[in-house]
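> Read top to bottom, the protein sequences are chains A and B.
Take 1 as the starting number for the first sequence in full-length UniProt numbering and just add one per residue.
Take 1 as the starting number for the second sequence in full-length UniProt numbering and just add one per residue.
Don't be surprised by glycine CBs; every beta carbon is placed ideally from N, CA and C.
Quantities reported herein were computed from a predicted structural model and do not represent experimental measurements.
Please read through the structure below; I'll follow up with questions.
Number of protein chains: 2
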Amino acid sequence: MSPKPLVPSFSSSIIEDNRSDGYWVETFHFSKEDRVPGVITSGLVSGVIEFLDNPIASAEFQKSHNPKSTQTNESLLSSFAAWNKYEIGKFHSPVAVVAVDITKSGLTDIVICHDYGPFMLECDMKGGHITWLENPGREGLDKGHWKERYIGRWPAMHRIKAGFFTQKSFLEIIAASVVYGEHDKTTPIPIIRFQAPEKVLEATEWPHDIIDDRSFTVIHEITVKKLSGPNGLDSMIISSREGATWLYYEDNEWKRDLITIGEPRAPGQSKISESPGSGDHWGTGCADVGRIGDDPVAYIATLDPFHGTTACVYTKADRGLKEKKWKRHILDVYGTPNQQMKTGDGPGHYIVCADFDGDGDDEFLLSLFGSLDRDEKGESIPPNTGPNPNKGIMYYKAIDLKNGVFAKWKIAEESSARIAIGGFSGTGRIDLVSMAYNVARYYEEPHPVVTIHTNEFAPKVPQQTAAPITSTVWDGEGMVYFVDPVTIQSSHSLPLIEVANYAISVEIHPKKGKVPVLNGEGVKVLYGSISDGSGARNPLGTAPFPAASTTLTKDSSMEADPEKGAILLRLRPIHQKTFWHGAGEVHVKNIFDVGQIGLQLKPLHFIKVENLWWGGKFKGVDFYNMSGFYFRFLEDKTPIAHIQFWTAGPGVNCGVHNHSGDIFQEIHICLSPGTETGGMSRLKDAYVDTPPDQLNGLPQKAFDHLPLQLLYEHGGLWYRDSYGNAVRGRDNVVSYPWHKWQAGNGSNIDIWMALEFNPALKL
Amino acid sequence: MSPKPLVPSFSSSIIEDNRSDGYWVETFHFSKEDRVPGVITSGLVSGVIEFLDNPIASAEFQKSHNPKSTQTNESLLSSFAAWNKYEIGKFHSPVAVVAVDITKSGLTDIVICHDYGPFMLECDMKGGHITWLENPGREGLDKGHWKERYIGRWPAMHRIKAGFFTQKSFLEIIAASVVYGEHDKTTPIPIIRFQAPEKVLEATEWPHDIIDDRSFTVIHEITVKKLSGPNGLDSMIISSREGATWLYYEDNEWKRDLITIGEPRAPGQSKISESPGSGDHWGTGCADVGRIGDDPVAYIATLDPFHGTTACVYTKADRGLKEKKWKRHILDVYGTPNQQMKTGDGPGHYIVCADFDGDGDDEFLLSLFGSLDRDEKGESIPPNTGPNPNKGIMYYKAIDLKNGVFAKWKIAEESSARIAIGGFSGTGRIDLVSMAYNVARYYEEPHPVVTIHTNEFAPKVPQQTAAPITSTVWDGEGMVYFVDPVTIQSSHSLPLIEVANYAISVEIHPKKGKVPVLNGEGVKVLYGSISDGSGARNPLGTAPFPAASTTLTKDSSMEADPEKGAILLRLRPIHQKTFWHGAGEVHVKNIFDVGQIGLQLKPLHFIKVENLWWGGKFKGVDFYNMSGFYFRFLEDKTPIAHIQFWTAGPGVNCGVHNHSGDIFQEIHICLSPGTETGGMSRLKDAYVDTPPDQLNGLPQKAFDHLPLQLLYEHGGLWYRDSYGNAVRGRDNVVSYPWHKWQAGNGSNIDIWMALEFNPALKL
């Protein structure tokens, strides 16, 4: 969890006034071309289904037809009048609305259940129809109601959801009534799965089957989420008198996992009572699932029970490898004493989780519609017209999830039946639109309105899932992880260390990313390639030893590989001295910063080789080492390369070796040619039968020698097969001829960098 | 995860030298009376089982017999010689050791499997015996080997663990061979469950059954943890050629859940090959489970495969409500090229997770025994005698678990076969003891030693699971959660606010906790009680209205309730003025600090009641409110009380009401009697038939009036039944007579605090 939660701040404006009632609001991306969504609204009594067009969406649509428009998005959103309203359908007592592209045209259609009846206990036993409305496109918006087509029905139909619940090929609509039928809260309700037929425009109804008709009563909400993992099927949380239940399809059958019984049934509560005041509601009324960090199912937020009073979160308790147990934390109990009698009279109606503050953790919102009070005869007392504690939207944020400690802010004062969330303002933040509650003869909020609450506080740039460059400490060295360069949009850089006359940093560049270079800088590619148009530089692109090539650059702009992008080291001259007499004097400055993750890397410095675990044979030799940095890919942790630094004084033989105990492809870059002719020496073929313990005694004429100039690298020494690939020896080592760094006889020391590449990586 | 991981720092000393070999080390609490453990060590060739007695434990035992001893624990631990060594048994080729109290005497016994054979492919087909040694008590330590008793056998017996795996009544020993038998890596190995008989001292062997004999080959480790939740049975991670598998008993059967296949079997790897260099190891060699925050199974750390090279962590990926998928992150590949051929020749041997730095998250340690290299004929090359990269103990800490980013430190240079963890230094930190690896004809570390690494960096006081007082913001007010006072050992305090002449703080005190009070302070109990010996103060202890009592104190020390402890408000005079002319002038200072959790409470201030949502009837009245603070229990979130503050000017009638819309038991405490005779007025019985809308017009003689003096509270006004409990009315409200705060006619304002107690709580 973030240590510094932001204080939530929303600016609100009414986007629909003069409504006669209010029940539903649904986020509605009119077309897949639209950058921002509008909303669908409806009321149970008026029966009108309306599309409120987001002024940004309509303006952007107009602009694509009339590019001369200059209106800004901000000015559009601030203008109440700009949310154009279109009546797209009218039904008797419509309840739920779901938006989904049924025709696969790229235009979002609408599914509605209607002919509900005035309220649940007086539901229309011949009603509960499910109809879908075909989106006619923006050109058809002024032509009245959308074309209706039929899906199916069941009495008291109350919630419908769209998704892919049993398979991923044909769209499915899940439908659940609130009660089994008229005055029947006790018979389990059928949850019906309708599957889209191939010819949706010709079908007279959709084929359907029953998911469950023996488990749930008084279903108030169905919440659809991918609860079997992000690549799984859609599944559901059913909020019913039985509590909150995960309903999902697995192994060719529907399974139910009870998360919580919700508000327990109190002594005296009767299953069959219907009269107000008797308190025949228990279980859960609404639920959603909250993510914290990398756990997408970190908590369940619920409103318990039906039209409930009790805001709860359930956190994981008594955890093991299978996480089954949830601990209930009652955050708040809302409502007047009468509402707290659990008669289904509110004040809570809806719960939704989302990451409003953009910190990677989900907060949740609770809709409170208001104080519905009843007199001693059970008659409704008209609701308070102003704000009150049982009306509005509450915003809860987890502070200490394990202990169920949240912070709470009230972010809206108006009656809220339901909330639609989405990027309505187009800023990248999550905004919300709320519908006031007004259902005749139940709770009639005076002047029901639709209000947008625009997120004013979250950062506008959403968090990236992984930083392009991640650093940590690794047994006294620096470790740098990189994402695959093809996944990034811009270049990133990380300082590593200053050595001799160079500040060395590592960079990652996207495909075709611009890599500006300055005169005198060295650039060494670790992965991918860069090109200045005349030729590409690759990690292992230099011809085999004794060839050499420069890493030096002139003022220009190079470009990263068009297929792979690039990861590279940049060596920037820092106007230090260029020659040194001893390793202890060499400029070394540690600039690798892991402080932001609370770590510290003990400063790197040159260590005399005789003091290293393998350096016993170099007693008294002016030969030093400083190691180094690891470079790996973050996703699969594949090593790319490791670098370390060396110095050798005049005349020093750094030891003849052939890497029989290592598996890498090594090259060296000269940072200071202090001995003038220092560089790589390779044993001549004529001497290959020399016993290994006599190799260091051979005269220099036994070697082919390549002096390395400043910022030059030598071609790889390893043996290659006819395809140019490294030859592998016993135990999979990379086969090398015997070789050594041999210093010349100048008066300063050689300083160089060794790069050890992963031979398993195609470079 | 903590944002500032501590850099690990251990001081090491050798506690056993002059060993001829080394294989096992096991934490050993000699007796349940001992505060700190010692260790059991053993070697495969010497066959000697030794108890190394922790000098602190032996000194503390001596001290309890000879209280004159003055040696400190620190001086004891720093002394190598002080770890007395006792040979407690000797066997042919003992392998695993487990410590458990078999006799239920309070003394820990030892179980050993032995007669293994020289190494796994040449295992003794008549061996694999499991024997237990009876702890004779400290008095018997000088009397040689401990009494041996028999449990059972299977060839190549290699790992044994103790616990309660299928039930919680009879001790179970789980035993697994490393291979099925001589030169047989391919036949699945029987995992055997031995169950302790009732008469363990008389039994000739223990009854046993087979848990599984068709699933696992080359079992290198069994890790026992409670993976079905902290209250579940013990279960196991089996590290075998099949990978890491959770093996557990549920619903009357043994179940296997594969966590990972570990190191994949490479092309060309043969199941039946035995010769060195052919690379016939894959899967997992060792595993442990790491906790992060409140997730006890946040990651799995493994060493892959058998005597492996590859340090991995598995993190949760593609997560849903059932968490099944684990993503592999290869953190490091160790070993010489020959070791990396997966011949079972190391260098890794053991993995263990624990919270070494005390931040609530588990780190893990990896034991590396050394570079076991072989020449071209497959003959072992003698190991390097000094430190090298494939020898020692690595410490890994999670930095970004989701992305598998860890930090790594090398905390020991010496060869490590196995690690025993425990509070050896008695500081509350987790220390470790490591055994060097020396098994003849396999890997023979020169001079094998047992080394203790004493944790020098973790905080000495372990984290509490929940802070006694937790605060957050709650819709513009302060929320304070308390643990149950009976769970705490010391008192804690939290500043709330300064109002008028008082700094108000809330305190929690343990049972019988001392509550010092100063002259002039007010103390109001919210939960439990406090007493000065002459009588207890309770939250609702004042006799019913019109009684009153003081919350004032004189210099003394009171004591919290011996059964319940206490939660209380303290009102400390701050030498401000004592009277004010208007609410706007009243001293108010916000001192409620939620900054440490990144929150901020908008400063509380007095608001004119006419501007509150319910205050429309008080237009123009000098009547102000400031709300307030909630007090609740953390565990179940049960409300205790809510407080708010009020002011009223001279002559103000604060409105006659009877709380018909509230459910609480309310009392008031006077903070400034500015109108001189302000206080609670209760409607006289004679006037009860007055229509409610005329109550505010009644003359003051219609009321019984109780002026409240400074720091006095009045007795509760609510109606009570014959047991003294509050009478409840319609909708469960607490029934009150009509009442009001009525200001007097002095020249200043009244300031008072209202406390609304939860009537469902027994106070």
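Report the residue from A:G279, A:L634, A:V609 whose alpha carbon sits nearest the alpha carbon of F645 (chain A).
Position 645 of the first sequence, counted from the start, is the residue given in the question as residue 645 (chain A). The candidate whose alpha carbon is nearest that of F645 (chain A) is A:V609.
> Measuring straight from C-alpha to C-alpha, what distance separates I530 (chain B) and K762 (chain B)?
For the purposes of this step, residue 530 (chain B) is taken as the residue at position 530 of the second sequence. For the purposes of this step, residue 762 (chain B) is taken as the residue at position 762 of the second sequence. In this structure, the straight-line span from the alpha carbon of I530 (chain B) to that of K762 (chain B) is close to 16 Å.
> Return the chain-ordered list of same chain residues with a C-beta closer than 6 Å to the C-beta of P459 (chain A), the five sequence neighbours on each side being excluded.
Against the first sequence, residue 459 (chain A) aligns to sequence position 459. So the list reads G358, once near-sequence residues are dropped.
> Could you please tell me which residues of the region 394 to 428 of chain B, in chain order, have their CB closer than 8 Å to any CB of chain A?
If the cut-off is 8 Å between Cβ atoms, the region 394 to 428 of chain B has M394, I399, D400, L401, K402, N403, G404, V405, F406, A407, K408, W409, K410 near chain A.
> When you check each C-beta in the region 662 to 688 of chain A against every C-beta of chain B, which residues fall closer than 8 Å?
Within the region 662 to 688 of chain A, the qualifying residues are D662, I663.
> Pull up the distance between the alpha-carbon of G378 (chain A) and that of R682 (chain B), whole angstroms please.
Within the first sequence, residue 378 (chain A) is the residue found at index 378, counting from 1. Within the second sequence, residue 682 (chain B) is the residue found at index 682, counting from 1. One C-alpha to the other measures close to 30 Å.
> State yes or no: is the C-beta of A156 (chain A) within less than 9 Å of the C-beta of E182 (chain A)?
In the first sequence, the residue the question calls residue 156 (chain A) occupies position 156. In the first sequence, the residue the question calls residue 182 (chain A) occupies position 182. Cβ distance < 9 Å, so A156 (chain A) and E182 (chain A) count as in contact.
> For the beta strand (DSSP E) containing I237 (chain A), list its first residue and its last residue.
Taking the first sequence and counting its residues from 1, one reaches residue 237 (chain A) at position 237. Per DSSP, I237 (chain A) belongs to the beta strand (DSSP E) from 235 to 240.
> In chain A, which residues lie less than 7 Å from L233 (chain B) when you measure between Cβ atoms?
Taking the first residue of the second sequence as 1, we reach residue 233 (chain B) at position 233. What L233 (chain B) touches in chain A: nothing, since even the nearest Cβ is about 10 Å away.
> Contact criterion: CB-CB distance below 9 Å. Does D750 (chain B) meet it with respect to chain A?
On the second sequence, position 750 is the one that residue 750 (chain B) refers to. Not an interface residue.
> State yes or no: is the beta carbon of P382 (chain A) nearer than 9 Å to at least one beta carbon in chain B?
Against the first sequence, residue 382 (chain A) aligns to sequence position 382. Chain B, which has no Cβ nearer than 9 Å to the Cβ of P382 (chain A), makes this no.
> My guess is that V506 (chain A) and V523 (chain A) are in contact by the Cβ rule of under 8 Å, so how many angstroms apart are they, rounded?
As a working note, residue 506 (chain A) is residue 506 in the first sequence. As a working note, residue 523 (chain A) is residue 523 in the first sequence. Actually they are not in contact, since the Cβ atoms of V506 (chain A) and V523 (chain A) sit about 11 Å apart, beyond 8 Å.
> On a Cα-Cα basis, can you pick out the residue from B:A203, B:G655, B:I381, B:V36 that is closest to D693 (chain B)?
Taking the second sequence and counting its residues from 1, the one referred to as residue 693 (chain B) is at position 693. For D693 (chain B), the nearest C-alpha among the options comes from B:G655.
> Are the CB atoms of P347 (chain A) and S380 (chain A) within a distance shorter than 9 Å?
To locate residue 380 (chain A), count along the first sequence from 1; it is residue 380. To locate residue 347 (chain A), count along the first sequence from 1; it is residue 347. No.
> Is the Cβ of N338 (chain B) closer than 9 Å to any Cβ of chain A?
Within the second sequence, the letter at position 338 stands for residue 338 (chain B). It does: the Cβ of N338 (chain B) has a partner Cβ on chain A nearer than 9 Å.
> Apart from the five residues just before and just after G404 (chain A), which ones in its own chain have a Cβ nearer than 8 Å to its Cβ?
By 1-based counting over the first sequence, the position of residue 404 (chain A) is 404. Contacts found: V313, T315, K327, H329, L331.
> If the cut is a Cβ gap below 7 Å, which residues of chain B does R19 (chain A) touch?
Taking the first sequence and counting its residues from 1, one reaches residue 19 (chain A) at position 19. Those within 7 Å of R19 (chain A) in chain B number zero; the least Cβ separation is about 23 Å.
> Can you tell me which residues form a DSSP beta bridge with T451 (chain A)?
Your numbering for residue 451 (chain A) matches position 451 in the first sequence. A:I14, A:S434, per the DSSP bridge assignment.
> Which two residues bound the contiguous alpha helix (DSSP H) that contains Q62 (chain A)?
Here the question's residue 62 (chain A) lines up with position 62 in the first sequence. Per DSSP, Q62 (chain A) belongs to the alpha helix (DSSP H) from 55 to 65.
> So G47 (chain A) and Y23 (chain A) are supposed to be a Cβ contact under 8 Å. How far apart are they, rounded?
Here the question's residue 47 (chain A) lines up with position 47 in the first sequence. Here the question's residue 23 (chain A) lines up with position 23 in the first sequence. So it is not a contact: roughly 11 Å between Cβ atoms.
> Counting only beta-carbon atoms, is Q167 (chain B) nearer than 9 Å to chain A?
For the purposes of this step, residue 167 (chain B) is taken as the residue at position 167 of the second sequence. Output row for Q167 (chain B): interface = no.
> Applying the 10 Å Cβ sphere with the 16-neighbour rule, what's the burial state of residue 840 (chain B)?
No answer is possible for residue 840 (chain B): it lies beyond the span of chain B, which begins at 1 and ends at 763.
> So if I threshold CB-CB distances at 9 Å, which residues from the region 718 to 733 of chain A count as touching chain B?
G729, R730, D731, N732, V733
> Which of helix, strand or coil does DSSP assign to L671 (chain B)?
For the purposes of this step, residue 671 (chain B) is identified with residue 671 of the second sequence, where counting begins at 1. Assigned with DSSP and collapsed to three states, L671 (chain B) falls in strand.
> Could you tell me which chain A residues have their CB closer than 8 Å to the CB of Q600 (chain B), listed as they occur along the chain?
For the purposes of this step, residue 600 (chain B) is taken as residue 600 along the second sequence, with counting starting at 1. Contact note: Q600 (chain B) reaches chain A through V7, using a C-beta cutoff of 8 Å and chain order.
> M341 (chain B) touches chain A at which residues, Cβ-Cβ below 9 Å?
Here residue 341 (chain B) refers to the residue found at position 341 of the second sequence. Within 9 Å Cβ-Cβ: D731, N732.
> Where does A156 (chain B) fall in DSSP's three states?
Along the second sequence, read from residue 1 onward, the residue named residue 156 (chain B) stands at position 156. Coil, per DSSP.
> How about N388 (chain B): is its C-beta nearer than 9 Å to some C-beta of chain A?
Residue 388 (chain B) sits at position 388 when you count from the first residue of the second sequence. It does; some Cβ of chain A falls within 9 Å.
> Would I160 (chain B) pass as a contact of I210 (chain B) if the rule is Cβ separation under 9 Å?
To locate residue 160 (chain B), count along the second sequence from 1; it is residue 160. To locate residue 210 (chain B), count along the second sequence from 1; it is residue 210. In this structure, I210 (chain B) does not lie closer than 9 Å to I160 (chain B) by Cβ.
> Contact criterion: CB-CB distance below 9 Å. Does G358 (chain A) meet it with respect to chain B?
Along the first sequence, read from residue 1 onward, the residue named residue 358 (chain A) stands at position 358. Closer than 9 Å: no.
> Span of the beta strand (DSSP E) holding residue 764 (chain B)?
Nothing can be reported for residue 764 (chain B), as the shown portion of chain B is limited to 1 through 763.
> Could you list which residues in chain A have their beta carbon closer than 7 Å to that of P230 (chain B), in chain order?
Looking up residue 230 (chain B) in the second sequence gives position 230. Those within 7 Å of P230 (chain B) in chain A are D318.
> Where do the ends of the beta strand (DSSP E) carrying N745 (chain B) lie?
Sequence index remark: in the second sequence, residue 745 (chain B) carries index 745 (1-based). Element bounds for N745 (chain B): n/a, residue is neither H nor E.
> From what residue to what residue does the beta strand (DSSP E) around T690 (chain B) run?
On the second sequence, position 690 is the one that residue 690 (chain B) refers to. Taken as a continuous stretch (DSSP letters only), T690 (chain B) belongs to no beta strand (DSSP E), as it is neither H nor E.
> Can you tell me where the beta strand (DSSP E) holding L569 (chain A) begins and where it ends?
The residue given as residue 569 (chain A) occupies position 569 in the first sequence. It spans 566 to 573 - the beta strand (DSSP E) in which L569 (chain A) sits, taken as one unbroken run.
> Quickly, what does DSSP pair N84 (chain B) with across the bridge? List them, please.
Taking the first residue of the second sequence as 1, we reach residue 84 (chain B) at position 84. According to DSSP, which records beta bridges pairwise, N84 (chain B) is partnered with B:D53.
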